[in-house]
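Asks: Residue numbers (my numbering): 112 to 601. Have a look at this one.
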């Protein structure tokens, strides 16, 4: 391959000068072989005329026929130049010589670009001559990958010399390579994993891409080879982590299932075994008040009343704890629920409290439908409305407003709803907005505002089980604004 000097060739002025020089000397070089043969034949005819009496007209005719092409080539007019200084008249085989030279230069440039692309490719690239049976092109990345110089790689067969006898899938390397090469020859571009061996005898797990093409009119294969050992190592670590995580999740699931069973057993114990002594305490207190109330005096009767109140509070606390624990282990069947019916049922359960406090509860119907569980939502609104009635100054009539709104994002169709429960009660300081949703969290003594401290914890856990959320907007001394957010029902 000759070197291509691009300086004079690419300069327009030089090209112009070269073209004009070609035209100026456009006399063809007479083929020496043809002229010599013609001259020998002419001399032979002269000799025959002298010694064999061949007629002169015949001799002259033969000589004219032999030399006519030479006279035509030499004495024809030179080619003409058009306005663009390009040759407009044919140059005979001279034009063919010029075109052949340009074609050769173009081929050299194309081959040079091809070799540069391969040489500077980031992955290892080799070209395999299928007829000669060895590598004819090897780039630097391939030398680095196989730990061999190009001179040694050219002398080695990529399957026989640079691969183990068997691939990791158990197939024989030669047989598998034959199938892949055949696929490439048929027009496919197979991509596959292959194990090679470097110059030190170490295995190299690679990803190979084959492409069939012609190199100097001979069938060849270009192979792009990528070292994937690091990628496979990371994939193996991820798989191991996934397996380990699955084992841990399974163990944790078993542990949680056991905890749920223990919680169910505890709830059963609380419901039956702990309530039985409470019922006995209440029974004895009632009997004591009935049989000996007149003898105990005011102080004794007040003690009996305190015993009864404490037993009732304990019973209510047990009931709330059972509700809270049941939300932890029970599987709720979610369905479309109308909130109007839910709020009405909760208000019916609070009828006594509403009447005794003379509370006003305004419900802006119709309330939206949601995806949830009816009984669980009744517990939620029972606690929200009950708290709104309970935590009000003694000289103020409780007023509660219940209403809903749809939530939209980026002008899309609403998928969730928010239900508000407003009151005119004592309000909550902003510092306690999260604390009040914890179990047994109270901001005021039971003597001032009765309750178990579990109601809002039930609301929070119920919303979590219903794929929702809850919260409040603090308004110290101006009432409270509690809200729950749930998926919109169809």
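The beta carbon of each residue, even a glycine, is placed where N, CA and C say it ideally should be. Owing to the predicted nature of the structure, the values given are computational and were not obtained by experimental measurement.
Taking residue 539 as part of the alpha helix (DSSP H), name the residues at either end of that continuous run.
Replies: Note, residue 539: premise wrong, no alpha helix (DSSP H); not H, not E.
Asks: Candidates 600, 599, 531: which alpha carbon is nearest residue 591's?
Replies: Cα-wise, what sits closest to residue 591 is 531.
Asks: Does the stretch 221–240 come into contact with the stretch 325–340, if we say contact requires no fewer than three beta-carbon pairs (one atom in each stretch) closer than 8 Å?
Replies: Flag = yes, the stretch 221–240 and the stretch 325–340 touch.
Asks: Exposed or buried, which one is residue 364 when buried takes at least 16 other CB atoms within 10 Å?
Replies: It counts as exposed.
Asks: So, helix, strand or coil for residue 421, using DSSP?
Replies: In this structure, residue 421 counts as helix in the three-state DSSP scheme.
Asks: Going by C-alpha to C-alpha distance, which of 332, 353, 349, 429 sits closest to residue 377?
Replies: The shortest C-alpha separation from residue 377 is found at 429.
Asks: Please name the residue in 471, 478, 445 whose C-alpha comes closest to that of residue 535.
Replies: Here the closest residue by C-alpha is 471.
Asks: Okay, do the stretch 243–251 and the stretch 286–296 touch, 3+ Cβ pairs below 8 Å being the bar?
Replies: No: fewer than three Cβ pairs fall under 8 Å.
Asks: For my contact list, residue 479 and residue 511 are in at a C-beta cut-off of 8 Å; report their separation, rounded to the angstrom.
Replies: About 18 Å separates the two Cβ atoms, so there is no contact after all.
Asks: So for residue 292, helix, strand or coil by DSSP?
Replies: The answer is helix: DSSP assigns residue 292 an H, G or I state.
Asks: With a threshold of 6 Å on Cβ separation, who are the neighbours of residue 320 within its own chain once the five nearest residues in sequence on each side are excluded?
Replies: Cβ within range, chain order: 302, 335.
Asks: Do residue 245 and residue 223 have their CB atoms nearer than 8 Å?
Replies: Going by C-beta atoms, residue 245 is not nearer than 8 Å to residue 223.
Asks: Within 10 angstroms of its Cβ, does residue 569 collect 16 or more other Cβ (buried), or is it exposed?
Replies: Buried, since its Cβ has 16 or more Cβ neighbours within 10 Å.
Asks: Less than 8 Å between the beta carbons of residue 668 and residue 356, yes or no?
Replies: Outside the displayed range of the chain (112 to 601) lies residue 668, so it cannot be described from this structure.
Asks: When you compare only the Cα positions, how much space is there between residue 273 and residue 296?
Replies: Spanning the two alpha carbons is a distance of roughly 22 Å.
Asks: Given this structure, state the Cα-to-Cα distance separating residue 217 from residue 264, to the nearest angstrom.
Replies: Those two C-alpha atoms are separated by around 29 Å.
Asks: Count the other C-beta atoms from every protein chain shown that fall within 10 angstroms of the C-beta of residue 597, then say buried if there are 16 or more, exposed otherwise.
Replies: Classification of residue 597: buried, given that the 10 Å Cβ count is 16 or more.
Asks: Which residue's Cα is closest to the Cα of residue 503: 464, 475, 346?
Replies: Considering only alpha carbons, the answer is 464.
Asks: Give the single residue among 316, 576, 278, 322 whose Cα lies nearest to the Cα of residue 292.
Replies: Per the Cα distances, 322.
Asks: Report the option in 215, 571, 599 whose CA atom is closest to the CA atom of residue 525.
Replies: The residue with the shortest Cα to Cα distance from residue 525 is 599.
Asks: Check each candidate in 310, 304, 278, 501 and name the one with the smallest Cα separation from residue 257.
Replies: Among 310, 304, 278, 501, the Cα nearest to that of residue 257 belongs to 310.
Asks: Would you give the residue range spanned by the beta strand (DSSP E) that residue 483 belongs to?
Replies: It spans 480–483 - the beta strand (DSSP E) in which residue 483 sits, taken as one unbroken run.
Asks: Can you tell which of 396, 545, 375, 282 has the C-alpha that lies nearest to the C-alpha of residue 421?
Replies: Per the Cα distances, 396.
Asks: Below 6 Å CB to CB, which residues in the same chain sit around residue 300 once its five sequence neighbours on both sides are set aside?
Replies: So the list reads 322, once near-sequence residues are dropped.
Asks: Excluding the five sequence neighbours on either side, which residues of its own chain have a C-beta within less than 7 Å of the C-beta of residue 399, listed in chain order?
Replies: For residue 399, where only same-chain residues beyond five positions count, the Cβ hits under 7 Å are 415.
Asks: Using CA coordinates, which residue listed in 593, 306, 405 is at the minimum distance from residue 279?
Replies: The residue with the shortest Cα to Cα distance from residue 279 is 306.
Asks: Would you say residue 565 and residue 432 are within 8 Å of each other, going by their C-beta atoms?
Replies: In this structure, residue 432 lies closer than 8 Å to residue 565 by Cβ.
Asks: With which residues is residue 596 paired in a DSSP beta bridge?
Replies: DSSP output for residue 596 lists 529, 580 as bridge partner(s).
Asks: Taking 8 Å as the threshold (C-beta atoms), are residue 343 and residue 316 in contact?
Replies: A contact, by the Cβ cut-off of 8 Å.
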